[in-house]
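Engineer: Just passing along the structure, written as structure tokens.
There are 2 protein chains.
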Amino acid sequence: MALRHAVLAALLDEELSGYQLAKAFSVGVANFWHALPQQLYAELARLERDGLIAGREVVQDTRPNKRLFTVTDAGLAELDAFAAAATKPSFLRDDLAVKVQAADHIDSAVLIGQLAERAEIARAKADLFENLLRTMRGAAEEDDFLRHGTRIGPYLTCLRGLAFERGNHDWCLRTIGILKAREAARVRP
Amino acid sequence: MALRHAVLAALLDEELSGYQLAKAFSVGVANFWHALPQQLYAELARLERDGLIAGREVVQDTRPNKRLFTVTDAGLAELDAFAAAATKPSFLRDDLAVKVQAADHIDSAVLIGQLAERAEIARAKADLFENLLRTMRGAAEEDDFLRHGTRIGPYLTCLRGLAFERGNHDWCLRTIGILKAREAARVRP
DNA sequence: CCGCTCATGTAACAGGTTACATGATTTA
DNA sequence: TAAATCATGTAACCTGTTACATGAGCGG
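Just so you know, the protein sequences line up as chains A and B, in that order. The first sequence stops at residue 189 when you use the numbering used here, and every number in between is there. The second sequence stops at residue 1189 when you use the numbering used here, and every number in between is there.
Encoded structure:
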């Protein structure tokens, strides 16, 4: 039951609607958790029912009305309890890694294509994260912001996302290089 | 349905029993996928039923008998098809990241403790991966092994695991440093 | 003799994914 | 005028996790 806490954590810094939350969780920016809109709407309903968040209706003319959610004191207490409990280890689950594991037995041209695709996605995400970080720290130097800024949580998770995507990118490119070198070596050894 | 392919990929290089597979998938070495023993036994049964792997009984005196599994031609074809299909993006799902996201609202002593714990786990895993890599390449230089060695798939996924755990470790330590500096700044600003 | 390793599962439950449904408004 | 955006969900299905079951040998 950790989607709960991910939603609470996301609502700490801004009041959001389900739709806005869904954007934050799916469109790239999901640097600390990933979830689909359907999960989020369901989870918001449960959180509100349990009194951990409170929603207020915002009536709009041109757009459909929306409900903005805030974390309640009970919600904060729940997050405290979550933070104090033992952290579950995080595991890898990546289709691309499975394909690379089988690299010696499958067509390497296909694999190289998929690695290139992933490298590009990783690069785009890294760029996005860099921009987000710049926006968050504003005019301040990074060290200064981290020492004295308010709300560094999102900044810290974004730093992790950035490092992760850079690692991804580098690994894809290196793997492509190795596979190509082997192909060349196989043709004229 | 990707556990299927992860199991197939794991069985490519050695004939394994369910028990041995389970060890490879749970005890640390899960650098390209993670799964529990129960999932694996169930998946092995399905794979055998579908003719993608073949099992042979090995009778043992002192130990209970076991069944060793090998990938069939149909299994290889299935892996080929999987490799050719579009790769699903991989997503982050980490309790610790959720806690860090909420860093501004929860007790930082607790958080620092959990980050230190995770840093230690990451360090241990990185060490393990380094040893695995050394074992895999044997006497050869890394470049040489990667260019001419057989079975580099597992080596490549292990490289990724290593980079991932190092990134994890660095991020945990850096985050701890930042949180401590902020605590100090709050006491005497 | 207690706990660990080998060896294989079943059953119930929680969590995540896919497919589908609706409908107005702005942008290309 | 077609497509994307805003806005919210339901239902069926697939996947992963937790809890439990069994039993022999080996090491401290």
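For every residue, glycine included, the Cβ atom is placed at its ideal position computed from N, Cα and C.
1) Determine which residues of the stretch 133-157 of chain A have a Cβ less than 8 Å from any Cβ of chain B, and write them out in chain order.
2) Please say whether L115 (chain A) and I53 (chain A) have beta carbons closer to each other than 9 Å?
3) Scan the stretch 1160-1171 of chain B for residues whose Cβ lies nearer than 9 Å to a Cβ of chain A and list them as they occur along the chain.
4) With DSSP as the reference, identify every bridge partner of T1150 (chain B), one or two as the case may be.
5) Apart from the five residues on each side of it in sequence, which residues of its chain come closer than 8 Å, Cβ to Cβ, to N1065 (chain B)?
6) Quick check: the stretch 1091-1110 of chain B against the stretch 18-35 of chain A, are there 3 or more CB pairs under 8 Å?
7) Could you name the residues of the same chain whose beta carbon sits closer than 7 Å to that of A1126 (chain B), not counting the 5 residues immediately before and after it, in chain order?
8) Measure the alpha-carbon distance for E141 (chain A) versus R1182 (chain B) and round it to whole angstroms.
9) Does the contact criterion of 3 or more C-beta pairs under 8 Å hold for the stretch 1002-1013 of chain B versus the stretch 86-99 of chain A?
10) Give me the subset of the stretch 1052-1080 of chain B whose CB atoms are less than 8 Å from a CB atom of chain A, sorted by chain position.
11) State buried or exposed for P154 (chain A), treating a residue as buried only when at least 16 other CB atoms are found within 10 Å of its CB.
12) Put K23 (chain A) into one of helix, strand or coil per three-state DSSP.
13) Quick one: what does DSSP say G1055 (chain B) is sitting in, helix, strand or coil?
14) Quick one: residues in its chain with C-beta nearer than 8 Å to the C-beta of Q39 (chain A), no 5 flanking neighbours on either side, listed in chain order?
15) So, using beta-carbon positions, are L1044 (chain B) and L1079 (chain B) closer together than 9 Å?
16) Am I right that I112 (chain A) and L179 (chain A) are in contact with their C-beta atoms under 8 Å? What's the rounded C-beta distance?
17) Please compile the residues from chain B whose C-beta is within a distance smaller than 8 Å of the C-beta of L96 (chain A).
18) How is the alpha helix (DSSP H) around L68 (chain A) delimited, first residue to last?
19) Exposed or buried, what is F1091 (chain B) when buried is set at 16 or more other beta-carbons lying within 10 Å of its beta-carbon?
20) Under 9 Å Cβ-Cβ, which residues of chain B neighbour I176 (chain A)?
21) Just checking: is the beta-carbon of I112 (chain A) within a distance shorter than 9 Å of some beta-carbon in chain B?
22) Quick one: residues in its chain with C-beta nearer than 7 Å to the C-beta of T72 (chain A), no 5 flanking neighbours on either side, listed in chain order?
23) Beta-carbon separation of A1016 (chain B) and F1082 (chain B) under 9 Å?
24) Do you know how far the Cα of P1089 (chain B) is from the Cα of L1146 (chain B)?
25) If we define contact as Cβ-Cβ less than 9 Å, is A1015 (chain B) a contact residue for chain A?
26) Label R1160 (chain B) either buried or exposed according to how many other C-beta atoms from any shown protein chain fall within 10 Å of its C-beta, with 16 as the threshold for buried.
27) List the DSSP bridge partners of L16 (chain A).
28) For a contact defined as C-beta to C-beta under 9 Å, what are the partners of R49 (chain A) on chain B?
29) On the three-state DSSP scale, how would you describe L1145 (chain B)?
30) Taking 7 Å as the limit between beta carbons, can you name the residues of its chain near F129 (chain A), skipping five residues before and five after?
31) What ranges does the beta strand (DSSP E) occupy inside the stretch 1076-1144 of chain B, keeping only unbroken runs of at least 3 residues that lie completely in it?
32) Within the same chain, show all residues whose beta-carbon is closer than 6 Å to that of R1137 (chain B), passing over the 5 residues directly before and after it, in chain order.
33) What is the rounded straight-line gap between the Cα of V1187 (chain B) and the Cα of L1173 (chain B)?
34) Could you name the residues of chain A that F1032 (chain B) contacts, counting a contact when the two beta carbons are closer than 8 Å?
Structural biologist: Taking the geometry as given:
1) Within the stretch 133-157 of chain A, contact with chain B at the beta-carbon level (separation under 8 Å) is assigned to L146, R147, H148, T150, R151, I152, G153, P154, L156 and T157.
2) Annotated as distal: I53 (chain A) and L115 (chain A), with beta-carbon spacing of 9 Å or more.
3) From the stretch 1160-1171 of chain B, only R1160, G1161, A1163, F1164, R1166, G1167, N1168, D1170 and W1171 have a Cβ closer than 9 Å to chain A.
4) Beta-bridge annotation (DSSP): T1150 (chain B) is not paired with any residue.
5) E1057, V1058 and V1059, listed in sequence order.
6) The stretch 1091-1110 of chain B, when compared against the stretch 18-35 of chain A, does touch it at the 8 Å Cβ threshold.
7) Result list for A1126 (chain B): L1162, E1165, R1166 and H1169, in chain order.
8) So the two alpha carbons sit approximately 15 Å from each other.
9) The stretch 1002-1013 of chain B and the stretch 86-99 of chain A touch, with no fewer than 3 CB-CB distances between them shorter than 8 Å.
10) Residues L1076, L1079 and D1080.
11) Its Cβ being crowded by 16 or more others within 10 Å, P154 (chain A) is buried.
12) Look at K23 (chain A) here: in three-state DSSP terms it is helix.
13) Here G1055 (chain B) sits in strand by DSSP.
14) Around Q39 (chain A), the same chain offers L3 as residues with beta carbons nearer than 8 Å, after the five sequence neighbours per side are excluded.
15) Not closer than 9 Å, so no.
16) 6 Å between Cβ atoms; contact.
17) At a beta-carbon threshold of 8 Å, the residues of chain B lying near L96 (chain A) are T1087 and S1090, ordered along the chain.
18) DSSP places L68 (chain A) in no alpha helix (DSSP H) but in the uninterrupted beta strand (DSSP E) bounded by K66 to V71.
19) Counting Cβ neighbours within 10 Å, F1091 (chain B) comes out exposed, since fewer than 16 surround it.
20) Chain B residues near I176 (chain A): none, gap ~11 Å exceeds 9 Å.
21) Interface residue (Cβ-Cβ distance to chain B less than 9 Å): I112 (chain A) is not classified as such.
22) G51, L52, I53 and A54.
23) Here residue 1016 (chain B) turns out to be Leu, not Ala, going by the sequence shown. Cβ atoms of L1016 (chain B) and F1082 (chain B): not closer than 9 Å.
24) Inter-residue distance for L1146 (chain B) and P1089 (chain B) is about 26 Å (C-alpha atoms, whole angstroms).
25) The sequence given here places Glu at residue 1015 (chain B); Ala does not occur at that position. False, the Cβ-Cβ gap to chain A never drops below 9 Å.
26) Around the Cβ of R1160 (chain B), a 10 Å sphere holds 16 or more other Cβ atoms; the residue is buried.
27) DSSP, once it has assigned bridges, lists A:F69 as partnering L16 (chain A).
28) For R49 (chain A), no chain B residue has a Cβ inside 9 Å of its Cβ, as the nearest lies near 21 Å away.
29) The displayed chain sequence assigns Phe, not Leu, to residue 1145 (chain B). In the three-state reduction of the DSSP assignment, F1145 (chain B) falls in the helix class, which pools H, G and I.
30) For F129 (chain A), the CB contacts under 7 Å within the same chain, skipping 5 residues up- and downstream, are N31, C158, G161, L162 and E165 in chain order.
31) Considered as a whole, the stretch 1076-1144 of chain B harbours no complete run of any beta strand (DSSP E) with no fewer than 3 residues.
32) F1145.
33) Rounded to whole angstroms, V1187 (chain B) to L1173 (chain B) spans 21 Å at the Cα level.
34) Residues of chain A passing the Cβ test: L92, D94, A97, V98, V100 and Q101.
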